[in-house]
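First comes the structure, then the notes that go with it.
4 protein chains.
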Amino acid sequence: MSLDELTSEVASFAKERDWDQFHLPRSLVLALMAEVGELAEVMQWVPDSQMNSRWTEDNNDDLSEELADVFIYLIRLADVLDIDLESAARSKLLVNAEKYPVEKSRGKSTKYTNL
Amino acid sequence: MSLDELTSEVASFAKERDWDQFHLPRSLVLALMAEVGELAEVMQWVPDSQMNSRWTEDNNDDLSEELADVFIYLIRLADVLDIDLESAARSKLLVNAEKYPVEKSRGKSTKYTNL
Amino acid sequence: MSLDELTSEVASFAKERDWDQFHLPRSLVLALMAEVGELAEVMQWVPDSQMNSRWTEDNNDDLSEELADVFIYLIRLADVLDIDLESAARSKLLVNAEKYPVEKSRGKSTKYTNL
Amino acid sequence: MSLDELTSEVASFAKERDWDQFHLPRSLVLALMAEVGELAEVMQWVPDSQMNSRWTEDNNDDLSEELADVFIYLIRLADVLDIDLESAARSKLLVNAEKYPVEKSRGKSTKYTNL
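Residue numbers (the working numbering), protein chains in the order written: chain A, 2 to 116; chain B, 2 to 116; chain C, 2 to 116; chain D, 2 to 116.
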C-alpha cells in the first residue's frame with residue numbers, strides 16, 4: 002500500500018466517524034506529541050546498553066504500536082495541512098545532502114541534525 | 002516513491018556519512034521529539050481561530066519542512082528497530098476500527114484517541 | 002515549601018527505592034517527554050474556543066496531576082544534572098528582558114519566544 | 002526566591018509586554034513541548050555512556066538554559082490554569098509514595114513511573 006492509499010484510509014476512518022471536526026492542526030500536533038510521549042515511555046528506563054536486538058524483539062509489539070500511532074497522526078496532520086509527506090521528505094533529503102556533504106560529514110555528529 | 006524506497010534512501014544517507022553509529026533507538030526518539038518540538042513552535046502562538054487555510058498556505062514551507070523532519074526520523078527509527086511502518090499502521094487501523102465502531106463513535110471525541 | 006525542599010524530597014523518594022540507578026539524564030528527558038505527552042492528551046480534542054475557565058475547573062484534577070508529573074521530573078533532572086532551576090530561570094528572565102524590551106515587544110508574538 | 006515570586010515575575014513579564022493574549026493553555030503546552038524538544042536536541046547524539054559528569058559540566062550553559070525555558074513555560078501554564086504547582090507536586094508525591102511502597106519497589110523500574 003502506498004502512502005497515498007494510507008492517507009485515504011486514515012481520512013475515511015475519520016470521515017465515517019464524523020471526526021473531521023476534531024482534527025484541527027493544533028489538536029493533531031498535540032495528539033502527535035502524546036503518541037511520541039508514549040513511545041518515549043516504552044524506552045524511558047532502558048539505558049542504551051540494555052537496548053540490544055533482544056530487547057527490541059521482546060518489545061516489538063509495544064514499539065510497533067507506538068510507531069504506528071505516531072505515523073497515523075503524522076499522515077493525518079499532513080493531509081489536513083494539504084502537504085504531500087513523501088515529496089516533503091524527498092525535498093528535505095536533497096537539502097540535507099547539500100548541507101552535509103559526504104566528505105565533510107563522515108563520522109561526525111552535528112548538533113542540529115544527523116539526517 | 003514507496004515507503005520502502007524512502008527507507009532505503011534514508012538508510013543510505015546515514016551509511017554514506019558513517020552516521021549509523023549515532024542512530025541508537027533512544028537517540029532517534031530524542032531527535033524525533035526535537036523535530037515535533039520544532040513543528041509545535043511553528044504553531045505555538047497561532048490560536049485555532051487564526052489557523053485557517055490562508056495561514057497554512059502562507060506557512061506551507063515551514064510546515065512542510067518540519068513534517069518532513071518528523072517523517073524522516075520516524076522512518077529511520079522504524080528501520081533501526083526493524084519494524085515495518087506500513088504494516089504496523091495497517092494493523093493499528095484494524096484495531097482502531099474494532100475499538101471505535103462507526104455507529105457508536107460518530108461525532109464523539111474520546112479522551113484517548115480519535116484515530 | 003521551597004524548591005530546594007521539593008528537590009530533596011524527590012531525591013529521597015528515589016534514593017529510598019534505590020531508583021537512582023534508573024535516573025540517567027536521557028532517561029529523565031524521555032520521562033519528561035512522556036509526561037508532557039500526557040498533558041497534551043488532556044487537551045488534544047478541546048479547541049481553544051471551548052477551553053474556558055469552566056473547562057479548566059472541570060478538568061482541574063487531571064491538569065494538576067499532569068503538571069505535577071512534568072514538574073517532578075524537571076526537578077529530578079535538574080538535580081541529577083546539578084543545575085539550580087531557580088537561578089537558571091532567573092538568569093533566563095534577565096536575558097529575555099534584554100532580548101524583548103517592553104516598548105518594542107508590546108502586543109507582538111514573536112516566532113521563537115513569548116516569554 | 003520562592004516559586005510564588007517566580008510565578009509573579011513571569012506573569013509581570015508577560016503583562017508588561019501585553020502578551021497575556023497569546024498565553025492560551027494550548028499555546029503554552031505547544032511552547033512547553035518546543036522547549037522540551039530543544040532540551041532533547043542538546044542530548045540527542047550523546048549516548049548514555051558518554052554523558053558523564055564531564056560532559057554535563059561542559060554543556061552546563063546549554064542545559065541550564067533549556068531547563069530554565071521548560072520551567073518558565075511550566076510556571077506560566079500553571080498560573081494561567083490557576084494551579085498551584087508546589088501543592089500539586091506535593092500531592093502527587095504522596096500518591097506515588099502509596100503506589101510504590103519502599104519495600105516492594107526497591108530497585109525495580111516500573112513501566113509507568115519511577116517517581
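Glycine residues also receive a C-beta, built at the ideal position from the N, C-alpha and C atoms. Here the structure is a predicted model, which means the values were calculated and not measured.
If we call anything under 8 Å between Cβ atoms a contact, is residue i one with residue j?
{"i": "A/L68", "j": "B/A79", "result": "yes"}
{"i": "A/L64", "j": "B/I84", "result": "yes"}
{"i": "A/A89", "j": "B/L7", "result": "no"}
{"i": "D/G108", "j": "C/D21", "result": "no"}
{"i": "C/R27", "j": "D/M52", "result": "yes"}
{"i": "B/V71", "j": "B/V37", "result": "yes"}
{"i": "B/V81", "j": "B/H24", "result": "yes"}
{"i": "C/A41", "j": "D/V47", "result": "no"}
{"i": "B/D49", "j": "C/D49", "result": "yes"}
{"i": "A/L116", "j": "B/A15", "result": "yes"}
{"i": "C/Q45", "j": "A/A32", "result": "yes"}
{"i": "D/L75", "j": "C/L75", "result": "yes"}
From what residue to what residue does the alpha helix (DSSP H) around residue i run?
{"i": "C/V96", "result": "L86 to K100"}
{"i": "A/M52", "result": "Counting along the chain, A/M52 falls outside any alpha helix (DSSP H), and DSSP gives it neither H nor E."}
{"i": "D/L68", "result": "N61 to V81"}
{"i": "A/R27", "result": "P26 to M44"}
{"i": "D/E3", "result": "Inspection of the sequence shows that residue 3 of chain D is occupied by Ser rather than by Glu. No alpha helix (DSSP H) holds D/S3; DSSP gives it neither H nor E."}
{"i": "D/S110", "result": "Unbroken run through D/S110: none, as it is neither H nor E."}
Compute every distance between the C-beta of residue i and the non-hydrogen atoms of the ligand NAP, then say whether any falls below 7 Å.
{"i": "A/L78", "result": "In the structure on display, the ligand NAP does not appear, and there are no ligands present to speak of."}
Taking a cut of 9 Å between CB atoms, which residues from the region 14-28 of chain C lie near chain D?
-> F14, A15, E17, R18, D19, W20, Q22, F23, H24, L25, P26, R27 and S28
Which residues, in order along the region 37-54 of chain D, keep a beta-carbon less than 7 Å from a beta-carbon of chain C?
-> V37, L40, A41, M44, D49 and M52
Determine which residues of the region 78-94 of chain B have a Cβ less than 9 Å from any Cβ of chain A, and write them out in chain order.
-> L78, A79, V81, L82, D83, I84, D85, L86, E87, S88, A89, A90, R91, S92, K93 and L94
Return the residues of the region 54-71 of chain D that lie within a Cβ-Cβ distance of less than 8 Å from chain A, sorted by chain order.
-> none
Residues of the region 99-112 of chain D with Cβ closer than 7 Å to any Cβ of chain C, in chain order | Y101, V103, S106, R107, G108 and S110
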